[in-house]
Amino acid sequence: MRVQVREGDAGEAVLIKFDPDEGLEGFLEACRAKIGFRPAAVSVKGAKILDTSDLEDGDEVRCEREAPSSRKRAAEGEPDRDNQAGKSTAAATDAITIKVVQGDGTEVMFKVKRSTKIQKILRAHEQQAGVQPGSFRYTLDGDFLPDTRRDSDDTIEKWDMQDGDSIDAHVEQTGGGRQ
Numbered sequence: 001m002r003v004q005v006r007e008g009d010a011g012e013a014v015l016i017k018f019d020p021d022e023g024l025e026g027f028l029e030a031c032r033a034k035i036g037f038r039p040a041a042v043s044v045k046g047a048k049i050l051d052t053s054d055l056e057d058g059d060e061v062r063c064e065r066e067a068p069s070s071r072k073r074a075a076e077g078e079p080d081r082d083n084q085a086g087k088s089t090a091a092a093t094d095a096i097t098i099k100v101v102q103g104d105g106t107e108v109m110f111k112v113k114r115s116t117k118i119q120k121i122l123r124a125h126e127q128q129a130g131v132q133p134g135s136f137r138y139t140l141d142g143d144f145l146p147d148t149r150r151d152s153d154d155t156i157e158k159w160d161m162q163d164g165d166s167i168d169a170h171v172e173q174t175g176g177g178r179q
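Numbered according to our numbering, the sequence shown spans residues 1 to 179.
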C-alpha cells in the first residue's frame with residue numbers, strides 16, 4: 001500500500017510504501033525509516049488511525065511527534081533536535097496540541113500557542129466542519145467554553161490547558177419545549 005505522510009500540518013508530504021499485513025507497528029516503523037521519527041499518533045482527515053485497515057491507498061496521513069520527549073529534553077537543558085525550524089527550546093515548548101472531539105468521534109487537532117484565544121480554535125473548528133458559527137457548544141472537563149458568536153479574551157493559558165487536552169464539541173440544540 002502507498003500513502004502520503006506529513007508531519008503535522010506543515011512540511012512536505014512523502015510517499016511511503018508498506019505492507020498492511022504488518023499492522024500499525026509495521027506502518028509506524030516504515031514512517032520512522034522514511035521521515036526520521038516514529039509518530040506518536042497518526043490521523044487521516046482528523047480521524048485517528050488505530051489500525052492499517054483504517055488506511056486506503058493514496059490517503060494523506062498526518063503524523064504527530066511525541067510531545068513529552070521534547071519537554072523532557074527542554075527540562076534537562078538539552079537542545080531540541082526535533083525542532084527543525086531552529087527556534088529556541090523555550091519557544092518550541094510554548095506550542096501545544098489541542099484536540100476538538102465531536103460526538104461522532106471525529107477529532108480535529110490544532111497546534112497553538114498558549115497565548116492563542118480559545119475563540120480562534122473554536123471558530124476554526126466550526127469553519128472546518130462547514131457549519132454556521134454557534135452550531136456547537138464546547139466544553140472542557142465539563143465546563144462550557146465561551147460561545148463562538150461572542151468575542152472573548154479567554155486564552156489557552158487562562159483556562160490552564162495542557163498539551164493533548166481535549167475540547168468536546170456538542171451540537172447546539174434549540175427549542176425542545178413541550179406542546
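Built from N, CA and C at the ideal position, the CB exists for glycine as well.
Owing to the predicted nature of the structure, the values given are computational and were not obtained by experimental measurement.
What do you get for residue i, buried or exposed, if any count of 16 or more other CB atoms within 10 angstroms of its CB means buried?
{"i": "Q119", "result": "buried"}
{"i": "A13", "result": "exposed"}
{"i": "L15", "result": "exposed"}
{"i": "R150", "result": "exposed"}
{"i": "A33", "result": "exposed"}
{"i": "A47", "result": "exposed"}
{"i": "L28", "result": "buried"}
{"i": "C7", "result": "Here the sequence assigns Glu to residue 7, which means Cys is not the residue at that position. So E7 counts as buried."}
{"i": "V171", "result": "exposed"}
{"i": "E56", "result": "exposed"}
Alpha carbon to alpha carbon, how far is residue i from residue j?
{"i": "A30", "j": "D54", "result": "16 Å"}
{"i": "R114", "j": "L122", "result": "15 Å"}
{"i": "G26", "j": "G103", "result": "31 Å"}
{"i": "I39", "j": "D19", "result": "Here residue 39 is Pro; the residue named in the question, Ile, does not match the sequence. When rounded, the distance between both Cα atoms is 17 Å."}
Less than 8 Å between the CB atoms is what I'm expecting for residue i and residue j, so what's the real figure, rounded?
{"i": "L140", "j": "M161", "result": "7 Å"}
{"i": "V101", "j": "V61", "result": "The Cβ separation is near 19 Å, so there is no contact."}
{"i": "I167", "j": "I98", "result": "6 Å"}
Give the single residue among the options whose Cα lies nearest to the Cα of residue i.
{"i": "A124", "options": "R114, A95, M109", "result": "M109"}
{"i": "T148", "options": "S166, V44, E56, Q132", "result": "Q132"}
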